[in-house]
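J.: Here you go, one structure.
There are 2 protein chains.
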Amino acid sequence: MITAQAPSSTANLGPGFDVFGMALDACFDTVSVAEEGSSITISSDDDIPLEYTKNTAGIVVDMMRTDFDIKPGVHIKIRKGVPAGYGMGSSAASAAAAATAYSNLYNLNLSLTELTRYAGYGEQASAGSIHYDNVAASVCGGFVMVHTKPLRVINLRPPENLTMCVAVPDVSTPEKKTQVSRGVIPEMVPLCDVTTNISFASSLVAGMCTGDISLIGDSLQDVIVEPARRHMIPALDDIRNLAVSAGAAGVTISGAGPSVIAFADGSIVDIDSVGEAMREGFGNHDINCKIFPCKSAKGAGTVQ
Amino acid sequence: MITAQAPSSTANLGPGFDVFGMALDACFDTVSVAEEGSSITISSDDDIPLEYTKNTAGIVVDMMRTDFDIKPGVHIKIRKGVPAGYGMGSSAASAAAAATAYSNLYNLNLSLTELTRYAGYGEQASAGSIHYDNVAASVCGGFVMVHTKPLRVINLRPPENLTMCVAVPDVSTPEKKTQVSRGVIPEMVPLCDVTTNISFASSLVAGMCTGDISLIGDSLQDVIVEPARRHMIPALDDIRNLAVSAGAAGVTISGAGPSVIAFADGSIVDIDSVGEAMREGFGNHDINCKIFPCKSAKGAGTVQ
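As given, the protein sequences belong to chains A and B, one line each in that order. Mapping of the first sequence onto my numbering: residues 1 to 304, in sequence order. Mapping of the second sequence onto my numbering: residues 1001 to 1304, in sequence order.
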């Protein structure tokens, strides 16, 4: 039996819709695989589909098993640590852990890009379209940029003192939340907005490379996707103002939301104060939230 | 009398339309300013307008003189080294040199961002809209990313071994070339193309920061502006293929064209061979060209 763990993640980071991802050590999914029987079976104590064609990890393993023509069946045991439906890369974490565990079970020696590709099939099931930002982060760790034609993951180690805080609101989210929140994004974008997002995405990468957390914070701006999703998170402006007052360098929606993530220089800012400010922001709108202070995480790996 | 020199530059670098610029030591404009009379007069041996309201350097100096309420007039002497109308940032070089010279004449102690802002007014006269990519590069040197609201220039030093080659075709260009070539760009962009350009722009910055010239070359891709301008440079695909065969890491249109620029790792590639390949590419379309092998330049500065 092989067990692998993969971290939660945040996608987009403001301007980088479907391009940027960052692995977060806030929480982890754990997936064990063991050769068993002649098909794919799944067990879990969590409230997730156990039919393998409807389960993120099951879909990933099914695809790998078919591609590598592996005859024996497999039993998959899933322990969810990442809350599903809140923009913390929950399905991506299961997919990344499943791809990593199964690859190790059969010594497939897959590259991180290949693991990302397989994990992406699992994402497709939950989001309705393949996007690799969360899975690339969960597989590779650190900060990632994704090219899709062809698939390529560029991986950077974020600054050591970069600290984050995710606020996960206690609200109900629609069944196919990612699909719904992708549906509100405009299909056509004015050229001036393209230029603005490219400028922020570029300077965000420069900040990651040079360790300039203030520049990272200033670059968490998005004039394309956030305006279309803002109505889904009415507390966002409040949270942003309060978190920045508490020392955050910048605040943005985590993935498709409804979680919100703040970035700060942990060497000069108390991240717990930032978290309390975010709690107050949601509180002003009568919403409770869970606070996850975190750092960038390593990518998926096997555990004992 | 104060004399300043400012380098040629390339804008866009593939995916970074109106955002990316790089100063090039291929050629320079030189602008001298001296207090004289009570208005602005201009002299030059080059074929440029000498009326200050129609001259890039004159417009810049006029704006600074007004803003700082400087009563005495000034004589501006301009020596053009950067060929105008070919995508090498000719007007930006004059504007940057003028802003730098005039700022020094009156010890205005302007920041690089302020100098960029003034130089931008000169660009506006030639391009029909303010864009800061070339002027920021000419003022600051190295590789720049520009935010516009508010204006902010993020400046990176490119890898030491990054070498470039500009091929300037011997073709006539329209009077208001930049304005014309901006006119062909679509005003609305499909979201999937936005994502693609953001991914390439981001990885180009990562390549600049980490010294990965191969990644820089792979990232010189643009699915928004280049497809709209490609018909203006029919030799582009030929040049690209030949230059890459000669060792270039990547090739793109320089600014609004019609010049083409190749990027290479000068420590392992003979840039003159890349230049000859580019010459052959234009030659296949019966076009002669001048070849400028170059490196990243320092920004505008005073000279004796």
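Backbone N, C-alpha and C define an ideal beta-carbon position, used for all residues, glycine too.
1) Just checking: is the beta-carbon of F1017 (chain B) within a distance shorter than 8 Å of some beta-carbon in chain A?
2) Rounded C-beta distance between S138 (chain A) and A119 (chain A)? I'm assuming under 8 Å.
3) So what's D1238 (chain B) in DSSP terms, helix, strand or just coil?
4) With contact counted as at least three CB pairs below 8 Å, one residue from each stretch, are the region 1169-1188 of chain B and the region 1198-1218 of chain B in contact?
5) Going along the chain, which residues of its own chain have a beta-carbon closer than 7 Å to the beta-carbon of I271 (chain A), five neighbours each way excluded?
6) Give a yes or no on whether the C-beta atoms belonging to Y1086 (chain B) and T1010 (chain B) are separated by under 8 Å.
7) Please state whether DSSP places S1245 (chain B) in a helix, a strand or coil.
8) Where DSSP assigns a beta bridge to G1021 (chain B), which residues make up the other side?
9) So, are the CB atoms of I42 (chain A) and I2 (chain A) less than 8 Å apart?
10) Have a look at L1220 (chain B) and L1013 (chain B) and give me their C-alpha separation to the nearest angstrom.
11) Check for me: the alpha helix (DSSP H) holding R279 (chain A) runs from which residue to which?
12) Where does the unbroken alpha helix (DSSP H) through S181 (chain A) begin, and where does it stop?
13) Just to confirm the assignment: which complete beta strand (DSSP E) runs, minimum length 3, are found wholly within the region 1032-1084 of chain B?
14) When the Cα atoms are used, what is the spatial distance from G1142 (chain B) to N1055 (chain B)?
15) Determine the extent of the alpha helix (DSSP H) in which P227 (chain A) is found, giving its start and end residues.
16) Output, in chain order, the set of chain B residues within a Cβ distance shorter than 8 Å of E187 (chain A).
17) Which residues of the region 1089-1123 of chain B have a Cβ closer than 7 Å to any Cβ of chain A? Give them in chain order.
18) Check whether the region 56-76 of chain A and the region 19-27 of chain A touch, using three or more Cβ-Cβ pairs below 8 Å as the test.
19) Can you name the start and end residues of the beta strand (DSSP E) that V166 (chain A) belongs to?
20) For V1303 (chain B), which residues in chain A fall below 7 Å Cβ to Cβ?
21) Could you check how far apart the C-beta atoms of A235 (chain A) and I287 (chain A) are, in whole angstroms? I think they sit under 8 Å.
22) Look at the alpha carbon of A92 (chain A) and the alpha carbon of A1101 (chain B), and state the distance between them as a whole number of angstroms.
23) Please name the residue in A:I268, A:A4 and A:A277 whose C-alpha comes closest to that of I261 (chain A).
24) Between the region 1224-1231 of chain B and the region 1182-1190 of chain B, are three or more C-beta pairs nearer than 8 Å?
25) In this structure, how does DSSP classify V1223 (chain B) when only helix, strand and coil are distinguished?
26) With the cut-off set at 8 Å, would you say P1007 (chain B) and I198 (chain A) are in Cβ contact?
27) Which same chain residues end up closer than 6 Å to R240 (chain A) when comparing Cβ atoms and leaving out the 5 residues on each side of it in sequence?
28) Taking Q1005 (chain B) as the reference, which of B:E1035, B:S1259, B:Y1052 and B:S1094 has the closest Cα?
29) Along the region 190-209 of chain A, where does the CB come closer than 9 Å to a CB of chain B? Name the residues.
30) Closest to K71 (chain A) by C-alpha separation, out of A:A99, A:L50, A:S39 and A:S44, would be which residue?
31) Helix or strand or just coil, what does DSSP make of S296 (chain A)?
T.: From the atom records:
1) Interface residue, yes.
2) About 7 Å separates the CB atoms of S138 (chain A) and A119 (chain A); that is less than 8 Å, so the two are in contact.
3) In the three-state reduction of the DSSP assignment, D1238 (chain B) falls in the helix class.
4) Contact fails: fewer than three Cβ-Cβ distances are below 8 Å.
5) Taken in chain order, the residues that qualify are T163, C165, A264 and P293.
6) Note that the C-beta distance between Y1086 (chain B) and T1010 (chain B) is not below 8 Å.
7) The answer is helix: DSSP assigns S1245 (chain B) an H, G or I state.
8) Answer is B:A1011 and B:V1144.
9) Pairing I42 (chain A) with I2 (chain A) gives a Cβ-Cβ distance that is not under 8 Å.
10) Cα-Cα distance, rounded: 6 Å.
11) Taken as a continuous stretch (DSSP letters only), the alpha helix (DSSP H) holding R279 (chain A) covers I271 to G283.
12) That run of the alpha helix (DSSP H) goes K177 to G183.
13) Entirely contained in the region 1032-1084 of chain B, the beta strand (DSSP E) runs reaching 3 residues are, in chain order, 1040-1044 and 1074-1079.
14) Cα to Cα, G1142 (chain B) sits roughly 26 Å from N1055 (chain B).
15) E226 to R229 is the span of the alpha helix (DSSP H), which, as asked, contains P227 (chain A).
16) Correct list: P1190 and L1191.
17) Only those residues of the region 1089-1123 of chain B whose C-beta falls short of 7 Å from the nearest C-beta of chain A would be listed, and there are none.
18) In short, these stretches do not touch, since the Cβ pair count stays below three.
19) Per DSSP, V166 (chain A) belongs to the beta strand (DSSP E) from L162 to P169.
20) Simply none; closest approach about 30 Å.
21) Right, their Cβ atoms sit about 6 Å apart.
22) So the two alpha carbons sit approximately 55 Å from each other.
23) Out of A:I268, A:A4 and A:A277, A:A277 has the C-alpha closest to the C-alpha of I261 (chain A).
24) The way I'd put it, the region 1224-1231 of chain B does touch the region 1182-1190 of chain B; three or more beta-carbon pairs between them come closer than 8 Å.
25) DSSP places V1223 (chain B) outside both helix and strand once states are collapsed to three, so it counts as coil.
26) Contact annotation: P1007 (chain B) and I198 (chain A) have beta-carbon atoms that are not nearer than 8 Å.
27) Listed in chain order, the non-local C-beta contacts of R240 (chain A) below 6 Å within the same chain comprise V251, local neighbours out to five positions each way being set aside.
28) Sorting B:E1035, B:S1259, B:Y1052 and B:S1094 by C-alpha distance to the C-alpha of Q1005 (chain B) places B:S1094 at the top.
29) Taken in chain order, the members of the region 190-209 of chain A whose beta-carbon sits within less than 9 Å of a beta-carbon on chain B are P190, L191, C192, D193, V194, T195, T196, N197, I198, S199, F200, A201, S202, S203, L204, V205, A206, G207, M208 and C209.
30) The shortest Cα separation from K71 (chain A) among A:A99, A:L50, A:S39 and A:S44 belongs to A:S39.
31) Assigned with DSSP and collapsed to three states, S296 (chain A) falls in strand.
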